[in-house]
Amino acid sequence: MSRRTSPRAVTDDDALGQQRYRVAHITHTALAGISDVAVLGDKVIVLRRQSPELVVLGLDGTLSDHSVALPDFVCGHGLRNIGAGQLAVTDMDGHKVIVIDATLKEVARLHCDDHPQLGRPFNHPCDCVRGPDGRFYVADGYGNSAVHIFNPELQHLKTFGVLGTNAGAFSTPHSVVFDTKGRLCVADRENNRVQIFDADGNWLTQIEGVHKPMALALTPDGVLLVTDQTPRLSAYDGDGQLVGRCRTFSTYGHGLAVQPDGTIVVADMTPDRLTFLIPIKLSFS
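Per the working numbering, the very first residue in the sequence shown carries number 108; after that it's consecutive.
Written out as C-alpha coordinates, the structure is:
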(Lines of atoms letter the chains of each structure in order from A and count residues from 1; the text may use other names and numbers.)
(Lines give C-alpha, C1' and ligand atoms only; values in the text may rest on other atoms or scores of the structure.)
Protein backbone atom coordinates (compact mmCIF):
# COMPACT_ATOMS: atom_id res chain seq x y z
CA MET A 1 0.00 0.00 0.00
CA SER A 2 1.31 3.44 -0.87
CA ARG A 3 2.39 5.73 1.94
CA ARG A 4 1.86 8.88 -0.11
CA THR A 5 0.32 11.70 1.86
CA SER A 6 0.10 15.46 1.89
CA PRO A 7 0.54 17.89 4.79
CA ARG A 8 -2.15 16.89 7.22
CA ALA A 9 -3.40 20.34 8.10
CA VAL A 10 -2.58 24.00 7.90
CA THR A 11 -2.62 24.98 11.53
CA ASP A 12 -1.67 28.61 11.87
CA ASP A 13 0.28 31.59 10.61
CA ASP A 14 3.62 32.60 12.05
CA ALA A 15 6.27 35.23 11.43
CA LEU A 16 10.02 35.76 11.61
CA GLY A 17 10.66 39.48 11.43
CA GLN A 18 8.82 40.90 8.41
CA GLN A 19 8.29 37.51 6.77
CA ARG A 20 5.03 35.71 7.52
CA TYR A 21 4.63 31.94 7.11
CA ARG A 22 1.85 29.42 6.75
CA VAL A 23 2.48 26.55 9.17
CA ALA A 24 1.76 22.94 8.18
CA HIS A 25 2.51 19.75 10.12
CA ILE A 26 3.18 16.34 8.62
CA THR A 27 2.50 13.44 10.96
CA HIS A 28 2.98 9.85 9.82
CA THR A 29 4.25 6.57 11.24
CA ALA A 30 7.09 6.72 8.68
CA LEU A 31 8.48 9.71 10.63
CA ALA A 32 8.69 7.89 13.97
CA GLY A 33 12.12 8.26 15.51
CA ILE A 34 12.86 11.41 13.49
CA SER A 35 16.17 13.11 14.25
CA ASP A 36 17.07 15.50 11.44
CA VAL A 37 16.08 16.74 7.99
CA ALA A 38 17.86 18.01 4.86
CA VAL A 39 16.87 19.33 1.47
CA LEU A 40 18.63 17.84 -1.57
CA GLY A 41 17.48 18.97 -5.00
CA ASP A 42 13.75 18.37 -5.30
CA LYS A 43 13.58 16.14 -2.21
CA VAL A 44 13.25 16.48 1.53
CA ILE A 45 15.24 13.74 3.28
CA VAL A 46 14.42 12.72 6.85
CA LEU A 47 16.88 10.91 9.13
CA ARG A 48 15.38 8.55 11.71
CA ARG A 49 16.87 6.71 14.68
CA GLN A 50 15.57 3.38 13.42
CA SER A 51 15.68 1.41 10.18
CA PRO A 52 15.06 2.44 7.46
CA GLU A 53 17.03 5.50 8.52
CA LEU A 54 16.30 7.70 5.49
CA VAL A 55 12.79 8.62 4.35
CA VAL A 56 12.17 10.69 1.20
CA LEU A 57 9.48 13.33 0.68
CA GLY A 58 8.75 15.89 -1.99
CA LEU A 59 9.33 19.58 -1.40
CA ASP A 60 5.59 19.95 -0.79
CA GLY A 61 5.73 17.37 1.99
CA THR A 62 4.30 14.49 -0.01
CA LEU A 63 5.64 11.28 1.48
CA SER A 64 7.05 8.93 -1.18
CA ASP A 65 7.52 5.18 -1.14
CA HIS A 66 11.30 5.60 -1.11
CA SER A 67 13.23 4.81 2.07
CA VAL A 68 16.81 3.65 2.62
CA ALA A 69 18.38 1.58 5.38
CA LEU A 70 21.94 2.55 6.26
CA PRO A 71 24.09 -0.54 6.89
CA ASP A 72 25.61 -0.81 10.40
CA PHE A 73 24.08 2.44 11.59
CA VAL A 74 23.42 2.48 15.34
CA CYS A 75 21.70 5.80 16.07
CA GLY A 76 21.38 8.45 13.38
CA HIS A 77 21.68 11.99 14.71
CA GLY A 78 22.67 14.63 12.14
CA LEU A 79 21.87 15.09 8.45
CA ARG A 80 23.22 17.99 6.40
CA ASN A 81 23.48 19.04 2.77
CA ILE A 82 27.22 19.58 2.26
CA GLY A 83 27.08 20.66 -1.37
CA ALA A 84 28.06 18.88 -4.58
CA GLY A 85 24.86 16.83 -4.39
CA GLN A 86 25.94 15.12 -1.17
CA LEU A 87 24.71 14.71 2.39
CA ALA A 88 26.67 14.07 5.58
CA VAL A 89 24.95 11.60 7.94
CA THR A 90 26.16 11.37 11.53
CA ASP A 91 25.84 8.15 13.53
CA MET A 92 25.92 9.28 17.16
CA ASP A 93 26.35 5.90 18.86
CA GLY A 94 28.20 4.29 15.94
CA HIS A 95 30.90 7.00 16.22
CA LYS A 96 31.04 7.80 12.51
CA VAL A 97 29.99 10.09 9.69
CA ILE A 98 29.14 8.86 6.22
CA VAL A 99 28.84 10.89 3.03
CA ILE A 100 26.07 9.86 0.66
CA ASP A 101 25.31 10.97 -2.88
CA ALA A 102 22.05 12.05 -4.51
CA THR A 103 21.00 8.39 -4.86
CA LEU A 104 21.48 8.02 -1.08
CA LYS A 105 24.42 5.64 -1.55
CA GLU A 106 27.52 5.87 0.64
CA VAL A 107 30.58 7.34 -1.09
CA ALA A 108 32.89 8.10 1.86
CA ARG A 109 33.22 7.56 5.59
CA LEU A 110 34.86 9.16 8.64
CA HIS A 111 35.17 6.72 11.53
CA CYS A 112 37.26 5.57 14.50
CA ASP A 113 37.21 1.78 13.92
CA ASP A 114 34.60 1.46 16.69
CA HIS A 115 37.10 2.76 19.28
CA PRO A 116 35.65 5.99 20.73
CA GLN A 117 38.20 8.17 22.49
CA LEU A 118 38.19 11.19 24.77
CA GLY A 119 39.54 14.20 22.90
CA ARG A 120 39.96 12.30 19.63
CA PRO A 121 37.61 11.46 16.76
CA PHE A 122 35.02 10.21 17.59
CA ASN A 123 33.01 9.98 20.77
CA HIS A 124 29.27 10.24 20.03
CA PRO A 125 29.37 12.90 17.28
CA CYS A 126 26.36 15.08 16.45
CA ASP A 127 26.75 16.86 13.11
CA CYS A 128 29.09 17.42 10.15
CA VAL A 129 29.47 20.24 7.62
CA ARG A 130 31.82 20.85 4.71
CA GLY A 131 33.50 24.23 4.67
CA PRO A 132 33.99 26.58 1.69
CA ASP A 133 37.51 25.19 1.12
CA GLY A 134 36.34 21.56 1.11
CA ARG A 135 37.41 20.68 4.65
CA PHE A 136 35.03 18.73 6.91
CA TYR A 137 34.05 19.87 10.41
CA VAL A 138 32.50 17.41 12.87
CA ALA A 139 30.79 18.46 16.09
CA ASP A 140 31.79 15.68 18.49
CA GLY A 141 29.23 16.62 21.04
CA TYR A 142 28.13 13.95 23.50
CA GLY A 143 31.27 12.10 24.60
CA ASN A 144 33.67 14.85 23.56
CA SER A 145 33.29 18.63 23.72
CA ALA A 146 35.17 19.42 20.55
CA VAL A 147 35.09 20.07 16.83
CA HIS A 148 37.37 18.03 14.55
CA ILE A 149 38.66 19.33 11.22
CA PHE A 150 39.47 16.97 8.32
CA ASN A 151 40.97 17.81 4.96
CA PRO A 152 39.04 17.07 1.72
CA GLU A 153 40.78 13.66 1.62
CA LEU A 154 39.22 12.92 5.06
CA GLN A 155 42.51 13.04 6.97
CA HIS A 156 42.32 14.47 10.49
CA LEU A 157 44.01 17.87 10.68
CA LYS A 158 43.22 19.27 14.11
CA THR A 159 40.78 19.33 17.00
CA PHE A 160 39.69 22.42 18.88
CA GLY A 161 37.57 22.90 21.97
CA VAL A 162 37.53 21.44 25.48
CA LEU A 163 34.85 20.93 28.10
CA GLY A 164 34.02 24.21 29.79
CA THR A 165 32.21 27.52 29.68
CA ASN A 166 34.94 29.90 28.51
CA ALA A 167 35.04 31.27 24.99
CA GLY A 168 36.06 28.43 22.67
CA ALA A 169 35.09 25.70 25.15
CA PHE A 170 31.99 23.56 24.69
CA SER A 171 29.36 21.58 26.50
CA THR A 172 27.61 19.47 23.86
CA PRO A 173 28.43 21.07 20.50
CA HIS A 174 25.25 19.91 18.80
CA SER A 175 25.04 21.46 15.32
CA VAL A 176 27.42 23.16 12.88
CA VAL A 177 26.96 25.36 9.82
CA PHE A 178 28.97 27.93 7.86
CA ASP A 179 27.52 31.41 7.40
CA THR A 180 27.87 33.60 4.31
CA LYS A 181 31.03 35.17 5.75
CA GLY A 182 32.79 31.79 5.84
CA ARG A 183 32.54 31.56 9.62
CA LEU A 184 31.79 28.32 11.46
CA CYS A 185 28.74 28.56 13.73
CA VAL A 186 28.48 25.95 16.50
CA ALA A 187 25.37 25.38 18.62
CA ASP A 188 26.94 25.01 22.08
CA ARG A 189 23.83 23.48 23.57
CA GLU A 190 24.43 23.19 27.31
CA ASN A 191 26.17 26.57 27.41
CA ASN A 192 23.09 28.26 25.91
CA ARG A 193 24.91 29.96 23.06
CA VAL A 194 26.01 29.76 19.45
CA GLN A 195 29.76 30.25 19.15
CA ILE A 196 31.31 31.57 15.94
CA PHE A 197 34.82 30.69 14.74
CA ASP A 198 37.01 31.24 11.72
CA ALA A 199 37.71 28.27 9.47
CA ASP A 200 40.74 27.27 11.58
CA GLY A 201 38.83 27.16 14.84
CA ASN A 202 39.80 30.56 16.23
CA TRP A 203 37.05 32.08 18.36
CA LEU A 204 35.47 35.24 16.96
CA THR A 205 32.21 35.97 18.78
CA GLN A 206 29.04 34.36 20.09
CA ILE A 207 25.26 34.67 20.12
CA GLU A 208 23.57 34.42 23.51
CA GLY A 209 19.94 34.53 24.58
CA VAL A 210 19.09 31.03 23.38
CA HIS A 211 18.02 28.18 25.65
CA LYS A 212 19.86 24.96 24.77
CA PRO A 213 20.22 25.55 21.00
CA MET A 214 19.55 22.43 18.99
CA ALA A 215 19.78 22.97 15.22
CA LEU A 216 21.31 25.54 12.86
CA ALA A 217 20.55 26.37 9.24
CA LEU A 218 21.05 29.24 6.82
CA THR A 219 18.33 30.84 4.68
CA PRO A 220 18.97 31.67 1.00
CA ASP A 221 19.53 35.31 1.98
CA GLY A 222 22.07 34.47 4.68
CA VAL A 223 19.95 34.62 7.84
CA LEU A 224 21.07 32.20 10.57
CA LEU A 225 18.21 30.12 11.98
CA VAL A 226 18.47 28.55 15.44
CA THR A 227 16.02 26.20 17.15
CA ASP A 228 16.20 25.81 20.90
CA GLN A 229 14.45 24.05 23.75
CA THR A 230 12.25 26.97 24.79
CA PRO A 231 10.94 25.74 22.24
CA ARG A 232 11.39 28.43 19.60
CA LEU A 233 12.99 29.41 16.32
CA SER A 234 15.20 32.51 16.19
CA ALA A 235 16.63 34.36 13.17
CA TYR A 236 19.87 36.38 13.20
CA ASP A 237 21.40 38.63 10.58
CA GLY A 238 25.06 38.51 9.52
CA ASP A 239 26.04 40.70 12.47
CA GLY A 240 24.41 38.35 14.98
CA GLN A 241 21.46 40.67 15.63
CA LEU A 242 18.10 39.07 16.36
CA VAL A 243 15.71 39.88 13.50
CA GLY A 244 12.86 37.46 14.16
CA ARG A 245 11.56 34.90 16.61
CA CYS A 246 8.62 32.53 16.90
CA ARG A 247 7.83 29.42 18.84
CA THR A 248 8.04 25.93 17.42
CA PHE A 249 5.23 23.45 17.91
CA SER A 250 6.82 20.50 19.67
CA THR A 251 9.08 19.76 22.60
CA TYR A 252 12.27 19.87 20.49
CA GLY A 253 13.03 21.24 17.06
CA HIS A 254 15.92 18.80 16.72
CA GLY A 255 16.64 19.27 13.01
CA LEU A 256 16.37 22.14 10.57
CA ALA A 257 16.64 22.72 6.82
CA VAL A 258 15.64 25.40 4.33
CA GLN A 259 14.33 24.98 0.80
CA PRO A 260 15.52 27.25 -2.05
CA ASP A 261 12.24 29.18 -1.93
CA GLY A 262 12.75 29.95 1.77
CA THR A 263 10.42 27.29 3.17
CA ILE A 264 11.74 26.26 6.58
CA VAL A 265 11.47 22.58 7.54
CA VAL A 266 11.77 21.57 11.21
CA ALA A 267 12.34 17.99 12.36
CA ASP A 268 10.19 17.94 15.48
CA MET A 269 10.57 15.54 18.38
CA THR A 270 7.75 14.76 20.82
CA PRO A 271 5.62 14.56 18.82
CA ASP A 272 7.70 13.16 15.95
CA ARG A 273 6.77 15.02 12.78
CA LEU A 274 7.84 17.60 10.22
CA THR A 275 6.76 21.20 10.47
CA PHE A 276 6.82 23.33 7.31
CA LEU A 277 6.94 27.14 7.54
CA ILE A 278 5.89 28.20 4.05
CA PRO A 279 6.55 31.86 3.15
CA ILE A 280 3.44 33.89 2.46
CA LYS A 281 3.92 36.19 -0.51
CA LEU A 282 2.38 39.53 0.28
CA SER A 283 0.62 41.42 -2.48
CA PHE A 284 0.16 45.17 -2.51
CA SER A 285 -2.63 46.91 -4.38
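Ideal Cβ placement from N, Cα and C applies to all residues, glycine included. In this text, all values refer to a predicted model and were calculated from it rather than measured experimentally.
Where does residue i fall in DSSP's three states?
i: residue 156; result: coil
i: residue 373; result: strand
i: residue 358; result: coil
i: residue 139; result: coil
i: residue 213; result: strand
Out of the options, which has the shortest C-alpha to C-alpha gap to residue i?
i: residue 291; options: 243, 271, 209; result: 243
i: residue 396; options: 349, 359, 342; result: No statement about residue 396 is possible, as the shown extent of the chain runs from 108 to 392 and does not include it.
i: residue 121; options: 177, 351, 226; result: 351
i: residue 318; options: 307, 325, 339; result: 339
i: residue 133; options: 165, 149, 160; result: 165
i: residue 143; options: 176, 186, 347; result: 186
i: residue 173; options: 179, 180, 163; result: 163
i: residue 381; options: 160, 168, 128; result: 168
i: residue 345; options: 289, 265, 135, 262; result: 289
i: residue 136; options: 119, 125, 157; result: 157
i: residue 145; options: 211, 125, 181; result: 211
i: residue 232; options: 216, 241, 253; result: 253
i: residue 332; options: 312, 148, 370, 221; result: 370
i: residue 208; options: 219, 139, 193, 373; result: 193
i: residue 358; options: 148, 305, 130, 334; result: 334
i: residue 367; options: 119, 129, 151; result: 151
i: residue 384; options: 377, 376, 372; result: 372
i: residue 138; options: 330, 250, 160, 119; result: 160
In this structure, what does DSSP give as the bridge partners for residue i?
i: residue 174; result: 162
i: residue 285; result: 291
i: residue 277; result: 270
i: residue 127; result: 122
i: residue 203; result: 198, 218
i: residue 380; result: 375
i: residue 185; result: 197
i: residue 386; result: 128
i: residue 351; result: 342
i: residue 253; result: 247
i: residue 69; result: Past the edges of the chain, shown from 108 to 392, lies residue 69, and the structure says nothing about it.
i: residue 190; result: 193
i: residue 363; result: 373
Residue i and residue j look like a contact to me (Cβ under 8 Å); what is the Cβ gap, rounded to whole Å?
i: residue 228; j: residue 214; result: With 8 Å as the limit, residue 228 and residue 214 do not qualify as a contact, their Cβ atoms being about 19 Å apart.
i: residue 75; j: residue 282; result: Any property of residue 75 remains undetermined from this structure, which presents the chain solely from 108 to 392.
i: residue 202; j: residue 230; result: 7 Å
i: residue 235; j: residue 197; result: 6 Å
i: residue 321; j: residue 296; result: 7 Å
i: residue 379; j: residue 141; result: 5 Å
i: residue 153; j: residue 374; result: 7 Å
i: residue 272; j: residue 298; result: 6 Å
Measure from the C-beta of residue i to each C-beta in chain D and report whether the shortest distance is under 8 Å.
i: residue 332; result: Absent here is chain D; the protein component of the structure consists of one chain.
Tell me whether residue i, by its Cβ, gets closer than 7 Å to a heavy atom of the ligand COA.
i: residue 172; result: The ligand COA is absent from the structure shown, which contains no ligand whatsoever.
For the segment 299 to 340, list the beta strand (DSSP E) runs that are entirely contained and at least 3 residues long, ordered along the chain. Counting only runs of at least 3 residues, the segment 299 to 340 fully encloses the following beta strand (DSSP E) elements, listed from N- to C-terminal order: 300 to 304, 310 to 314, 322 to 325, 331 to 335.
Whole runs of the beta strand (DSSP E) within the segment 219 to 249, excluding any shorter than 3 residues: Complete beta strand (DSSP E) runs here, min 3: 234 to 237, 243 to 247.
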